[in-house]
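**Student:**
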Amino acid sequence: MVIHNSEDQSAMHEALEQQSYHPNSEVLLADGRRVKIGEFVDGKMAAAPDSVVGGVDCEILPVEDVGVHTVDLESNEIRKTDVDRVSRHEAPEEFVRVEFSNGREVLVTPEHPLFVEDDGGVGTVEARAIDEGAFVPAPRKLPNSTQPVSLDGETQVGKEKDVDLPAELSPKLGEILGFLIAEGHSYAGSSHEIGFSNQDERLLDRMDRLMSSVFGMESSDTTNAAGTITKRWTSTKLYRWFESNVPEVMHTAREKRIPAAVLGASEGVIRRFLVGAFAGDGGVESEAMSFSTASEGLAEDYADALTKIGVASRIHHDTAEDSWKTYVMGDSTEQFVEQVVDPADPRHDDALEERTSLRYYRVTNVETVPNEGEYACEWVYDITVEPTNTFVSQGVVLHNSISVSKAGINATLKSRCSLLGAANPTYGRFDEYEPIGEQIDLAPPLISRFDLIFTVTDQPDEEKDAELAEHILQTNYAGELNTHREETSTSNYSLEEVERVTEDVAPTIDPELLRKYVAYAKRNCYPTMTEEAKDEIQEYYVKLRTRGEAEDAPVPVTARKLEALVRLAEASARVRLSDTVEADDAQRAIDIAQYCLEDIGLDPETGELDADMIETGTSKSQRDRIMNIKSLIETIEEEYDEGAPVDVIVERAEEQGMDASKAEHEIDKLKQKGEVYEPKTDHLRTT
């Protein structure tokens, strides 16, 4: 992707922002929590307002310790990963709702790209342009936790019954929660109880044994006229424990959800939960096996839990009964029977391991939804995952994208594209003696993310100037001949003469051929690094870093440059259509990176490489000078009632070996930044 004239900083910020989701969109986090993206992002920003970065009609917040499930579409690997940042953007006038054959849906901005099956691979299409019948990728199985889930305990109060309270979420406790989510109830009044009702003696006995084993409690039983037996475990302590650890099972039938602790637990816990839930809410129909529930949220939770054990499902809403069913897909029936219906009889483990990690669901409906009524909102939201730019929600793989809005041009592109920025220098020409960050209106943190930075300078050179003049004149002459021949009826220039001159100025490689070559390389070449290439890059990087080991030396490069070297070496191999990155590729990357560093990363005062020139826009020598100037001002202002006189500050700076003009320059910058002010003309005080 190319962005021109990035002195207009808004264009670059907009280029890096993401298309978004309606605030009511629910996201399954890696720890098992389900959050509405709008409430989640708003809460994060409210908790850290000083860290929120303003963009064009949007706000962005880097986050930590928030995980989601992501899919690397190049390797088909599904894993848990951290969210890099969250954002919110001004909402559009309308949204697009896309429904899938798994019974779930997404509500996104019209330009938001969705992954679709494309000629055996995976491509993208805008939500507003997606067709019914298209197939979208979905994970067959989501990764689970390998760590036990800790639970809160309860202190004994008064004469409460003694109850064994588990410290961790075990498979047995998972099965208890499955029984309760399907056929359980809770009551708080003159007494507090947890209850389970059923007519199947086998299930009632199983629940009795589980509660005795896990909590050390026996039930009291009652039977109604229909023969339904209700088992009650009466204990305020037990009730409080459930309320504290798994409140989702305490709600009424229409509000029940699978506890976040279960969805974030191990595969064994989730499987036993489903065993209990299927015993109560499960059914075997001619069409398929299913879970029945009055809660839409619980139906979606069942689908997510099934994905956690590698079982595909779809959701159906019975409008007559206003209930939901989560059906097991046909190709997952055998695996479901193995793991849930009869978990003691595992089969076909080897075959299951060999199955692809992705499946596909069909788009069943696409409709436009106006931003009004129940869908009215001010903001839309996004979470960004690097480097895959995918996350799993609603049982399918969803996309991050880049939106470009500049000079009347609007386009949406895949977020894994390359970014080329062309920035005009503030004063028309680049000054080799000033940091690059001071010469273009672009934030240093954004500049530092470019692998290569070149300054385009106009240096007089007789030989090169002659070649340039000849090229421009020849190109112009070719155009003149062609125009003269086509527009003048008496032209004596032949077609052969025009073609001869035109051929002389044609590029060495035909542009169309070059585009096809690059497209082929990107699609078909995925080189791996050889040990020789690794050694070349490591040796160069370590050698550079050792220059900064001295106590007062600047840091020459950061790890970001190491990542750039890897990408450049891989690009060199791709250009050669090679499957391996050789030492020559690594050396080519090193040469071009070194050229850039010497062009824009040298401190003009010391001649040393300084990563801060790019990373922060301020070299170490300049930063030291600023600190010295501020220290002088703080000292001198104590000596004068009206503040520190500028001429005295400059004089003392010169005594410390600082050039007077540079001292004055830093003073002006401190005033511009508001770090010092003038209580009186030519007198300064620190803020």
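Our numbering applies: residue 127 is where the sequence shown begins, and numbers increase by one. Heads up, the beta-carbon is just placed ideally off N, CA and C, and yes, glycines get one too. Everything numeric in this text was worked out from a predicted model, so none of it was measured.
1) For SER541 and VAL681, what's the separation of their Cα atoms in angstroms?
2) Taking 8 Å as the cut-off, does the stretch 485-493 touch the stretch 248-263 (at least 3 CB pairs, one atom from each stretch)?
3) Just to confirm, are ALA391 and ASP577 a CB contact at a threshold of 8 Å?
4) With contact counted as at least three CB pairs below 8 Å, one residue from each stretch, are the stretch 374-384 and the stretch 304-311 in contact?
5) Measure the alpha-carbon distance for PRO297 versus LEU524 and round it to whole angstroms.
6) My output table needs one value for HIS377: the three-state DSSP class, helix, strand or coil.
7) Cβ of PHE417 within 8 Å of Cβ of ALA405?
8) Flag this pair as yes or no: are the beta carbons of ALA697 and ALA659 separated by less than 8 Å?
9) Report the rounded CA-to-CA distance for ILE320 versus GLU369, giving the unit in angstroms.
10) My output table needs one value for ARG230: the three-state DSSP class, helix, strand or coil.
11) Can we say the stretch 501-511 touches the stretch 205-212, given the rule of at least three CB pairs closer than 8 Å?
12) Pick from ALA685, GLN664, LYS756 and VAL161: whose alpha carbon is nearest that of ALA712?
13) Give me whichever residues DSSP pairs with VAL506 in a beta bridge.
14) Assuming VAL197 is part of the beta strand (DSSP E), what are its boundary residues?
15) Tell me the rounded alpha-carbon separation between SER757 and GLN145.
16) Contact between the stretch 156-170 and the stretch 192-203: three or more CB pairs below 8 Å?
17) Quick check: the stretch 418-432 against the stretch 347-367, are there 3 or more CB pairs under 8 Å?
18) Using DSSP bridges, identify the partner residues of THR516.
19) Measuring straight from C-alpha to C-alpha, what distance separates GLY534 and ALA548?
20) Compare the beta carbon distance of ILE775 and ILE759 with 8 Å and say whether it is the shorter of the two.
21) Please work out which residues of its chain come closer than 6 Å, Cβ to Cβ, to ARG160, disregarding the five sequence neighbours upstream and downstream, and give them in chain order.
22) Put ILE256 into one of helix, strand or coil per three-state DSSP.
23) Using DSSP's beta-bridge definition, name the partner residues of SER439.
24) Is it right to say GLY456 is buried, meaning 16 or more other beta carbons lie within 10 angstroms of its own, or is it exposed?
25) Going by beta carbon distance, what residues of the same chain come within less than 8 Å of ALA595, once the five residues before and after it are set aside?
26) Alpha carbon to alpha carbon, how far is ARG223 from ASP444?
27) Looking only at C-alpha atoms, which of ARG380, GLU498 and THR514 sits nearest to ASP448?
28) Can you tell me where the beta strand (DSSP E) with PRO292 in it begins and where it stops?
29) For the beta strand (DSSP E) holding MET415, just list the boundary residues, first then last.
30) Where does the unbroken alpha helix (DSSP H) through TYR603 begin, and where does it stop?
31) Decide if TYR652 is buried, meaning its Cβ has at least 16 other Cβ atoms within 10 Å, or exposed.
32) When the distance is taken between beta carbons, is ARG397 closer than 8 Å to VAL340?
33) Going by alpha carbons, who is nearest to ALA679 out of GLU657, PHE241 and ASP736?
34) Going by alpha carbons, who is nearest to PRO551 out of ARG575, CYS184 and THR581?
35) How would you label THR348, buried or exposed, when you count the other beta carbons within 10 angstroms and need 16 or more for buried?
**Tutor:** Working from what's here:
1) The residue labelled residue 541 in the question sits at position 415 within the sequence shown. The residue labelled residue 681 in the question sits at position 555 within the sequence shown. Its pLDDT being 48, under 50, SER541 is placed unreliably by the model, and the measurement read from it follows with that caveat. Looking at the two C-alpha atoms, the distance is approximately 31 Å.
2) yes
3) Within the sequence shown, residue 391 is the residue found at index 265, counting from 1. Within the sequence shown, residue 577 is the residue found at index 451, counting from 1. No.
4) yes
5) Within the sequence shown, numbered from 1, the residue matching residue 297 stands at position 171. Within the sequence shown, numbered from 1, the residue matching residue 524 stands at position 398. Their Cα atoms are separated by approximately 31 Å.
6) On the sequence shown, residue 377 is found 251 positions in, with the first residue counted as 1. HIS377: coil per DSSP, three-state reduction.
7) Taking the first residue of the sequence shown as 1, we reach residue 417 at position 291. Taking the first residue of the sequence shown as 1, we reach residue 405 at position 279. The answer is no: Cβ separation not under 8 Å.
8) Against the sequence shown, residue 697 aligns to sequence position 571. Against the sequence shown, residue 659 aligns to sequence position 533. No, these two residues do not count as a Cβ contact at 8 Å.
9) Indexing the sequence shown from 1 puts residue 320 at position 194. Indexing the sequence shown from 1 puts residue 369 at position 243. In a straight line, the C-alpha of ILE320 is about 11 Å away from that of GLU369.
10) Locating residue 230 in the sequence shown gives position 104, where the first residue counts as 1. It is coil, neither helix nor strand.
11) yes
12) On the sequence shown, residue 712 is found 586 positions in, with the first residue counted as 1. The shortest C-alpha separation from ALA712 is found at GLN664.
13) For the purposes of this step, residue 506 is identified with residue 380 of the sequence shown, where counting begins at 1. DSSP, once it has assigned bridges, lists HIS215 as partnering VAL506.
14) By one-based count along the sequence shown, residue 197 stands at place 71. 193-198 is the span of the beta strand (DSSP E), which, as asked, contains VAL197.
15) For the purposes of this step, residue 757 is identified with residue 631 of the sequence shown, where counting begins at 1. For the purposes of this step, residue 145 is identified with residue 19 of the sequence shown, where counting begins at 1. Looking at the two C-alpha atoms, the distance is approximately 46 Å.
16) yes
17) no
18) Within the sequence shown, numbered from 1, the residue matching residue 516 stands at position 390. Its beta-bridge partners are HIS525.
19) As a position in the sequence shown, residue 534 is number 408, starting the count at 1. As a position in the sequence shown, residue 548 is number 422, starting the count at 1. In this prediction, GLY534 has a pLDDT of 44, which is less than 50 and means its spatial position is unreliable; what the coordinates show is noted afterwards. So the two alpha carbons sit approximately 18 Å from each other.
20) Taking the first residue of the sequence shown as position 1, residue 775 is located at position 649. Taking the first residue of the sequence shown as position 1, residue 759 is located at position 633. For ILE775 and ILE759, yes; Cβs fall inside 8 Å.
21) If you number the sequence shown from 1, residue 160 lands on position 34. Cβ neighbours of ARG160 beyond the five flanking positions: GLU152 and LEU154.
22) Position 130 of the sequence shown, counting from 1, holds the residue named residue 256. Of the three classes helix, strand and coil, the one that applies to ILE256 here is coil, per DSSP.
23) For this step, residue 439 is matched to residue 313 along the sequence shown. Paired residues: VAL454.
24) By one-based count along the sequence shown, residue 456 stands at place 330. GLY456 should be labelled exposed.
25) The residue given as residue 595 occupies position 469 in the sequence shown. Cβ within range, chain order: n/a, list empty.
26) In the sequence shown, counting from the first residue as 1, residue 223 sits at position 97. In the sequence shown, counting from the first residue as 1, residue 444 sits at position 318. Their backbone Cα atoms lie some 20 Å apart in a straight line.
27) Residue mapping note: residue 448 aligns to position 322 of the sequence shown, counting from 1. Among ARG380, GLU498 and THR514, the Cα nearest to that of ASP448 belongs to ARG380.
28) Indexing the sequence shown from 1 puts residue 292 at position 166. Note, PRO292: premise wrong, no beta strand (DSSP E); not H, not E.
29) Numbered from its first residue, the sequence shown carries residue 415 at position 289. From DSSP, the beta strand (DSSP E) with MET415 extends over 415-419.
30) Along the sequence shown, one-based indexing puts residue 603 at 477. Note, TYR603: alpha helix (DSSP H), 588-613.
31) Numbered from 1 along the sequence shown, position 526 holds the residue referred to as residue 652. Burial call: exposed.
32) Residue mapping note: residue 340 aligns to position 214 of the sequence shown, counting from 1. Residue mapping note: residue 397 aligns to position 271 of the sequence shown, counting from 1. Result no, Cβ atoms of VAL340 and ARG397 do not sit closer than 8 Å.
33) Taking the first residue of the sequence shown as position 1, residue 679 is located at position 553. For ALA679, the nearest C-alpha among the options comes from ASP736.
34) Your numbering for residue 551 matches position 425 in the sequence shown. Of ARG575, CYS184 and THR581, the residue nearest in Cα terms is THR581.
35) Locating residue 348 in the sequence shown gives position 222, where the first residue counts as 1. THR348 should be labelled exposed.
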